[in-house]
Amino acid sequence: MPTRRMRLTGAAAAVTALALGLAACSAPGGSRTAPSAPVEEITAPVTPEQVAELGEVTLNVWADQGEQDFMDQLVPAYEAEFPNVTVDIQFKSFNDLTATVLNAMNSADAPDVAQGNQGWATDGALVKAGLIRPLDDVADAYDYRDAAGDAITQLQWSEDGSAFGEGAVYGMSPDNQMVGLFSNREKLAALGLGTPTTLDELEAAFAAAKAAGQTPLVLGNADKASAMQTFSILQGALTPAADTREWITGAKDADFAVDSNREALDRFAEWVAKGYVSAGYDGTSPDDAAAAFASGEGVFFIGGNWYAGAISDGAAFDFTPGLSDGDYASSGSFGMPWHVSSKSDATLAAIAFVGMVNSPESAELLAGTHRVPIQPVEAAGDDAMFAALLDASATQLDGAGPLYWYDWATDTMFDTFTGGLQEVLAGRESADALLERVQSDWVDFHTD
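Residue numbers (mature numbering (1 follows the signal peptide of the UniProt record, and there is no 0)): -26 to -1, 1 to 422.
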């Protein structure tokens, strides 16, 4: 879909002062000439006139490096709409951002706006420390709550950060991300097969591809996360999605060490043992694996919808959001949320930025980069891949919903899960042993 230069027009807004009980603005996040404005609750989108009252503002922003294409278009539009604001944006890798944002937001020169990550390790810690502002008013003013629907719970926290999935909205994300099954239509047709929709059909297609001398599944797991995401296709087909979300969000007595998850691990290990998975997957980056699949290697690739831009040709490739056994549940969530610092002395400018990022008008900018907006958007008639992504997102959100991401479950779960999964796939550890360690990690975290 072609992108367009976007300029948002500020609507009249009524702003009422509200004491939010946040930390005092002892350290400014941006430089400005006017005195600090009070923290306010908005009831409509922030206007340029309101932001102009702040004087000259430098809005400091931290963002994931994957946002650069989007920001290259949005920041000029924002600065045109709010000409007294200069946006100073720092792009960081996902690992760097999530490892440092808590300390940054707690520092004397905290960014005014920063992305976080749902789950206990990042957003839960930011909420618990009182470092980010509740955004219920922003979600309402910018028509975000209605667009997000029930899935907005993944952005909600209790005020003390002790409960995930309830309470106030503390972040807003403009896009939906999901792991799905990319299929090579031509190769499937040559095998006399269509796109599989069930786990049994997928495994039958793997066997047929292997017998025909094809690589059934292309995988790159150098990041460790990709195998975990591939596992979610199996796990989402075998375990109710609601059970997995309850475990991830910390529901009392939730348990991951159940028979269906054991079966999912065992079947994944069988895929490797039978030669269904591309050789050398632990030493291959997911980007290289996606590129290889796009160039014709293999019959299937399991990965996030963010790889659609690299794979791109919707006439040649299908994308489905999981398998129908589990009502198309797989790992997924909204993208990295945007937060407003509770320390910012330019709160209205920060709100205007986060509001613009998540506005209906910005959805087309996201769509132009093959990201699936939360706000409604239509695919161009000739963009079959993006149309498939929109359909997949609607199918998942209207059905069982996403599983979220397993590593959200605790602040150490990424290492516990990914390291153990590598051992299971290599035949060096049993599924039972991994499930025991994963559940032990969960219990230790939630009993502290």
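C-beta atoms are modelled at their ideal positions from N, C-alpha and C, and glycine is treated no differently.
- Within the same chain, and ignoring the five residues on either side of residue 246 in sequence, the residues whose Cβ sits closer than 7 Å to its Cβ are 399.
- Collapsing the DSSP output to three states places residue 312 in a strand.
- Exposure of residue 356 is indicated by the presence of fewer than 16 other C-beta atoms within 10 angstroms of its C-beta.
- Residue 33 is bridged by DSSP to 61.
- In the three-state scheme derived from DSSP, where H, G and I count as helix and E and B as strand, residue 96 is classed as helix.
- Between the alpha carbons of residue 252 and residue 345 lies a distance of about 27 Å.
- Contact fails between the stretch 273 to 293 and the stretch 221 to 237, because fewer than three Cβ pairs, one in each stretch, are under 8 Å apart.
- Annotated as proximal: residue 363 and residue 293, with beta-carbon spacing under 9 Å.
- With respect to residue 155, residue 274 sits close: the two C-beta atoms are nearer than 9 Å.
- In the DSSP annotation of this structure, the continuous segment of the beta strand (DSSP E) that includes residue 277 starts and ends at 274 to 278.
- The residue from 415, 141, 113, 147 with its alpha-carbon nearest to that of residue 385 is 415.
- Burial is judged here by how many other beta carbons sit within 10 angstroms of a residue's own beta carbon; residue 172 has fewer than 16 and is exposed.
- Remark: C-beta atoms of residue 85 and residue 336 do not approach each other more closely than 9 Å.
- Residue pairing of residue 158 in beta bridges, as defined by DSSP: 291.
- Counting only residues of its own chain and dropping the five nearest sequence neighbours on each side, residue 67 has a CB closer than 8 Å to the CB of 38, 39.
- Within 10 angstroms of the beta-carbon of residue 258 lie 16 or more other beta-carbons, which makes it buried.
- Less than 9 Å separates the beta-carbon of residue 318 from that of residue 324.
- Annotation note: the stretch 303 to 364 contains the following uninterrupted alpha helix (DSSP H) runs of length 4 or greater, listed N- to C-terminal: 321 to 331, 337 to 341.
- Between residue 115 and residue 19, the C-beta spacing is below 9 Å.
- Within the DSSP bridge table, the entry for residue 248 names no partner.
- With a 10 Å radius around the Cβ and a threshold of 16 neighbouring Cβ atoms, residue 24 comes out buried.
- In the displayed model, residue 397 falls within a helix according to three-state DSSP.
- Among the bridge pairs identified by DSSP, residue 151 is matched with 307.
- A distance of 9 Å or more separates the beta carbons of residue 201 and residue 297.
- Taking a contact to require three or more Cβ pairs closer than 8 Å, the stretch 94 to 110 and the stretch 361 to 380 do not qualify as touching.
- In the three-state reduction of the DSSP assignment, residue 56 falls in the coil class, being assigned neither a helical nor a strand state.
- Taking the C-beta atoms as reference points, residue 178 is found no nearer than 9 Å to residue 213.
- At the C-beta level, residue 76 and residue 59 stay beyond 9 Å of one another.
- With contact defined as three or more Cβ pairs closer than 8 Å, the stretch 121 to 140 and the stretch 263 to 270 are not in contact.
- DSSP places residue 131 in the strand class (E or B) of the three-state scheme.
- For the options 263, 217, 311, the alpha carbon positioned closest to that of residue 226 is the one of 217.
- By the criterion of a C-beta distance shorter than 6 Å, residue 188 is surrounded in its chain by 273, once the five residues flanking it on both sides are discounted.
- Secondary structure note for residue 403: it is in no alpha helix (DSSP H), with a DSSP letter that is neither H nor E.
- A distance of 9 Å or more separates the beta carbons of residue 304 and residue 157.
- The residues 190, 250, in chain order, have a CB closer than 6 Å to that of residue 180 in the same chain once the five nearest residues on each side in sequence are set aside.
- If you draw a 10 Å sphere on the C-beta of residue 228, you find 16 or more other C-beta atoms in it, and that means buried.
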